[in-house]
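In this note's numbering, the protein residues as written are 12 to 200.
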Amino acid sequence: MAKRKKKKKPESLFSKLRQRFKEQSPILLFCLGIVVIMITYYWMYNQDFFNNNINKPVLKFYANVGSGLLNILGFGTTTGESYISNPDFSLNIGKGCDAISPTILILAAILTFPIAFKLKIRGLIIAPVAIMLLNLIRIASLFLIGLYAPSLFEIMHVEIWQTVFIIFCLVGWLYWLIWANKQQKNVVA
Numbered sequence: 012m013a014k015r016k017k018k019k020k021p022e023s024l025f026s027k028l029r030q031r032f033k034e035q036s037p038i039l040l041f042c043l044g045i046v047v048i049m050i051t052y053y054w055m056y057n058q059d060f061f062n063n064n065i066n067k068p069v070l071k072f073y074a075n076v077g078s079g080l081l082n083i084l085g086f087g088t089t090t091g092e093s094y095i096s097n098p099d100f101s102l103n104i105g106k107g108c109d110a111i112s113p114t115i116l117i118l119a120a121i122l123t124f125p126i127a128f129k130l131k132i133r134g135l136i137i138a139p140v141a142i143m144l145l146n147l148i149r150i151a152s153l154f155l156i157g158l159y160a161p162s163l164f165e166i167m168h169v170e171i172w173q174t175v176f177i178i179f180c181l182v183g184w185l186y187w188l189i190w191a192n193k194q195q196k197n198v199v200a
């Protein structure tokens, strides 16, 4: 007796979409996670509570440490809230110059990436420290540029250092991603 072949039912649009979502869900969840974290962050960033309890202390920290670095180099600076100044130049470290946004972005990318959490810990610790150090270098360099080459200050502040931060964060995240994937393969192998 010959067996009949069962006719395959055509897939419905819903089942095709569901299958496609299953295939793409890690990427979609990664992107959605970053969007949700960044929207939440920017909402908080514009609240008085955030400004008074997080942003102002961070700006004061950068002013104090930046001034300390400049004093090590012999520039005789003083601070006042978020200002670094000496008799020849004054630099205000304002909201947006706090490096909080790039820090949150890279932390969001690390947190939401679909990989074991234990592989995220190193990135979650190193990224904020690296960005803080880069921002301190940025602040000290902007003070020196304002002091010795004031015509370059605006382009260095707005164009060059913004680009450096974007590239630094992107390269840092990619470096972590490559490292984490290698570590995961070593564990699985």
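Think of the CB as a built atom: it goes at the ideal place given N, C-alpha and C, for glycine as much as any other residue.
- Within the region 39 to 109, the alpha helix (DSSP H) runs of at least 4 residues that lie entirely inside it are, in chain order, 67 to 83.
- From the listed residues 173, 126, 195, 87, the smallest Cα separation to residue 109 is found for 173.
- Its Cα nearest to that of residue 152, the residue 164 stands out among 120, 164, 142.
- Contact between the region 122 to 136 and the region 54 to 64 is not established, with fewer than three Cβ pairs separated by less than 8 Å.
- In the displayed model, residue 131 falls within coil according to three-state DSSP, outside both helix and strand.
- Per DSSP, residue 166 lies in no alpha helix (DSSP H) and is assigned neither H nor E.
- Sequence-distant Cβ neighbours of residue 194 in its own chain, meaning closer than 8 Å and more than five residues away, are 130.
- Below 8 Å, enough C-beta pairs join the region 139 to 146 and the region 165 to 185 to call them touching: three or more.
- As the crow flies, the alpha-carbon of residue 41 is around 43 Å from that of residue 96.
- Annotation: the continuous alpha helix (DSSP H) that includes residue 121 extends over 111 to 123.
- DSSP places residue 152 within a helical segment (H, G or I) once states are collapsed to three.
- Remark: C-beta atoms of residue 116 and residue 189 do not approach each other more closely than 9 Å.
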